[in-house]
Every structure is written in structure tokens, then in C-alpha cells.
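Heads up: the sequence shown begins at 1 in full-length UniProt numbering, then just goes up one per residue.
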Amino acid sequence: MLPDDVTPDSLDKGARNELKTLTKENAEWVARHLAMASRLIEDDPTLAHAHAVSASRRAGRIAIVRETLAITAYTIGDYALALRELRTYRRISGKDDQIALMVDSERGVGRSDRALELGRSVDRATLPTQVRVELAIAMSGARLDLGEPERALTELDIPELDPDRAFEWSPALFAARASVLEELGRSDEAEQWRARAEVAEDALGLNEDEGSDEVVVVEEVFEAEDIAGGDADDDEASDEDFDEASEEDADDASDEDFDEASDEDADDMSDEDSEATEDSSDDATSDGSDDAPFDAEEYATGGASQPRHDVADGEAEAETEADVEAEPAEDGGRD
1 MLPDDVTPDS
11 LDKGARNELK
21 TLTKENAEWV
31 ARHLAMASRL
41 IEDDPTLAHA
51 HAVSASRRAG
61 RIAIVRETLA
71 ITAYTIGDYA
81 LALRELRTYR
91 RISGKDDQIA
101 LMVDSERGVG
111 RSDRALELGR
121 SVDRATLPTQ
131 VRVELAIAMS
141 GARLDLGEPE
151 RALTELDIPE
161 LDPDRAFEWS
171 PALFAARASV
181 LEELGRSDEA
191 EQWRARAEVA
201 EDALGLNEDE
211 GSDEVVVVEE
221 VFEAEDIAGG
231 DADDDEASDE
241 DFDEASEEDA
251 DDASDEDFDE
261 ASDEDADDMS
271 DEDSEATEDS
281 SDDATSDGSD
291 DAPFDAEEYA
301 TGGASQPRHD
311 VADGEAEAET
321 EADVEAEPAE
331 DGGRD
């Protein structure tokens, strides 16, 4: 059962607005599960994912629901499911704000080359600063996966890499640079950037208590380093170079069964595997009205069927889960 203190108002207003196409009863039920997923994501990601799965069974065509399901799947290491759900979220919402997570998910299923292609396919100038920084870190990681540490360092040479000021993205960016420098054997420089990350983190922690949005100036003095700006030249890939096969698979799905979209990767999946993926996707968006009531705690501790996906092969083979709690009657339509 959901705690009594979790109400539809526990979900932020913007997310609740996306649920207005559902009936009132269903919208409230989905909102409570999304709020629970948000509450548990740090402490109990498996249970958070269970709530996201339950919400998706009643509102599979809502962007915020698919985004939440993708994030919780990523958090528990199910990168194949995360990638599929992120593609669906991107198609429904028309947004690229989760592009960094998509790149990281491609890395998670062992396709770092495709991760780089995906990252180069977006216009970084159109991305919010936070997303642009996250994408640079993900692209750098993909370069490291491919044994290209020098190019990994170049991916991080972006205007946001300012050692003298701390923004919310600074600790992660500084730490990423430290890791690449360590990989290059430049331990002294790596230690300096690691120290910068810690100073920035501490400074931002103090700033949060004051509720201020001002930029924190980092007064710690380090040796000046030559920091190049701009992205690597090879980021300017043409549209023709980008392999859109897997993306088109999700984009071409019909409204009725768009959940069947998965990686169109013929050399990675057999016909039988693809059919299994489509079946699992159908379960994720079905209304679940015929399923028996289900205890979320039992789901989280392995007492009931949980999604299982082969990360190495990029396959998503999910077993049918029952709902986290007894669900309301099938949504008869949209308001």
C-alpha cells in the first residue's frame, strides 16, 4: 500500500499537468506512484523502479511516466530498458534533455561507438547548460571506453570548465577531468582537479542553505592551466553519418502499440528476441486491469517477478509484473 502522506500533490505541478489527459481517478493514482518513485530513487532504487513500472501500466503514453521509468531503470543498471524508454520519451516529448542519459545507456549496453554518434547528432547550442555539461561528461566516458583518453580530455574542454567558479555542474565536471588525467598518467594534475571538485562541492553545499542562486567564487588557489574552449572538431558529424536505424524503430511505432519500439539492431537480436521485447513493452503500457493486487515490498525484495534484461546483448526481456497495489478500474478515456 502507498503511504497516506503520499498524495497527488506530492508530485510537482509541472508533472501533474501532464497527467490531465487521464481520468481524475487514474491521474491521482499515477501521480502517487510517480511521487513514490521520486522519493525512493536514492535510498531504494529497486522499489522506486517498481512504482515507475506500476505507473507506466496505467499511463504509458505520458512523457513524464516514460521518463521516470527510464531513469529508474538506469539507476538499477537495466540500460537496455532505460535506452528504449528514453527513446520513447524523446519521441513523445520532442525534447533532448535526456540525451546524456541516452549516451550513457548506449555505453551500458556496450555500444560506445553508437553512443558517440548519438551525442554528435544533437545541436549542443540548443541544450540547457546543465544538459550540455552532462553530455560532455558522457561523451568523454565513451572515448575512454574506446581507449582514447586524449580525445576524452578534449571532450571536456568546454566553456563551462571554469576552475575559479562553482556552479551546480562543476563538481561532476571537475571530477570527470580528474579521472581522465589519471588515465593519462598525469597524476599531479588529476589531484588538482579532484581537489577543485571537493572545494566546489563544499562551497555549493554552504550556498544551498542560504537559498541563493548566486555563483560561488572558489577562492582556493591552484596553478593556472591552459583550458581550451569549444568542442572537438569531430563533434560536427553530418546527419548522414548518424545511424538512425534504432531511433526510427521507436519513431515509426503507432500510437496504439508504440511501446513495442526497441532497438532495430538486426545483428544484435534474433526475431525471437525481438518478439520477446515487444511483448514486454506491451505489458508496460497495458492497463493491468486483469492483474491481481501486488505488494511493492514483495516486488522489491524479489518475491515477485521483476524485469530482467540482458545488458550485454542490449536485449530487454521483461516478465509481466503485477501492479504495485490494487489498481482502479481501466481508464475509460481521456478527459
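Virtual Cβ for every residue (Gly too), placed ideally from N, Cα, C.
>> Among the candidates LYS24, GLU168, THR21, whose CA atom is the shortest distance from the CA of VAL133?
In response: GLU168
> By Cβ distance below 8 Å, which residues in the same chain neighbour ILE76 in space, the five residues on each side in sequence not counted?
Replying inline: PRO45, THR46, HIS49
> Looking at the structure shown, is ARG186 part of a helix, part of a strand, or coil, going by DSSP?
Replying inline: coil
> Could you give the distance in angstroms between the alpha-carbon of ARG66 and the alpha-carbon of ALA176?
Replying inline: 28 Å
>> So, does the stretch 89-101 touch the stretch 109-122, judging by three or more C-beta pairs under 8 Å?
In response: yes
> Using the C-alpha atoms, what's the distance from ASP188 back to ALA52?
Replying inline: 44 Å
>> Measuring alpha carbon to alpha carbon, tell me which residue in ALA55, SER54, ARG107, LEU181 is nearest ALA80.
In response: ARG107
> Near GLU148, what residues of its chain come up, given a Cβ to Cβ distance below 6 Å and the 5 sequence neighbours on each side ignored?
Replying inline: none
> For GLU18, is the classification buried or exposed, using 16 other Cβ atoms within 10 angstroms of its Cβ as the cut-off for buried?
Replying inline: buried
> Around the C-beta of THR7, are 16 or more other C-beta atoms found within 10 angstroms, so that it is buried, or is it exposed?
Replying inline: exposed
> Assuming TRP135 contacts VAL103 under a Cβ cut-off of 8 Å, what Cβ separation, rounded to an integer in Å, is found between them?
Replying inline: Correcting the residue type first, residue 135 is Leu in the shown sequence and not Trp. Indeed, because the Cβ distance is near 7 Å, the residues count as touching under 8 Å.
> Could you check where the alpha helix (DSSP H) with GLY14 kicks off and where it finishes?
Replying inline: 13-18
>> Need the endpoints of the alpha helix (DSSP H) that MET36 sits in, please.
In response: 24-40
> DSSP three-state call for ALA59: helix, strand or coil?
Replying inline: coil
>> Helix, strand or coil for ARG111? Go by DSSP, reduced to three states.
In response: coil
>> Output needed for ILE64: all residues of its chain with C-beta closer than 6 Å, excluding positions within five of it in sequence on either side, in chain order.
In response: ALA15, GLU18
> If you draw a straight line from the alpha carbon of TRP193 to that of LEU181, how long is it in whole angstroms?
Replying inline: 9 Å
>> Please classify SER254 as buried or exposed, where buried requires at least 16 other C-beta atoms within 10 Å of its C-beta.
In response: Below a pLDDT of 50, predicted positions are generally treated as unreliable, and SER254, at 36, falls in that range; the measurement from the model is reported next regardless. The residue in question, SER254, is exposed, as its Cβ has fewer than 16 Cβ neighbours within 10 Å.
> What is the residue span of the alpha helix (DSSP H) that VAL131 lies within?
Replying inline: 129-145
>> Could you tell me the alpha carbon to alpha carbon distance between ALA55 and LEU69, rounded to whole angstroms?
In response: 8 Å
> Along the chain, where does the alpha helix (DSSP H) that runs through SER93 open and close?
Replying inline: 79-93
> Apart from the five residues just before and just after LEU184, which ones in its own chain have a Cβ nearer than 6 Å to its Cβ?
Replying inline: PRO149
> Can ALA178 and ALA190 be called in contact, C-beta distance under 8 Å?
Replying inline: yes
>> Output needed for PRO171: all residues of its chain with C-beta closer than 6 Å, excluding positions within five of it in sequence on either side, in chain order.
In response: ALA197, ALA200, GLU201
>> Measuring straight from C-alpha to C-alpha, what distance separates LEU11 and ARG186?
In response: 46 Å
> Are the beta-carbon atoms of LEU156 and SER140 separated by less than 8 Å?
Replying inline: yes
>> Please state whether the Cβ-Cβ distance between ASP74 and SER105 is less than 8 Å.
In response: What sits at residue 74 in the sequence shown is Tyr, not Asp. A contact, by the Cβ cut-off of 8 Å.
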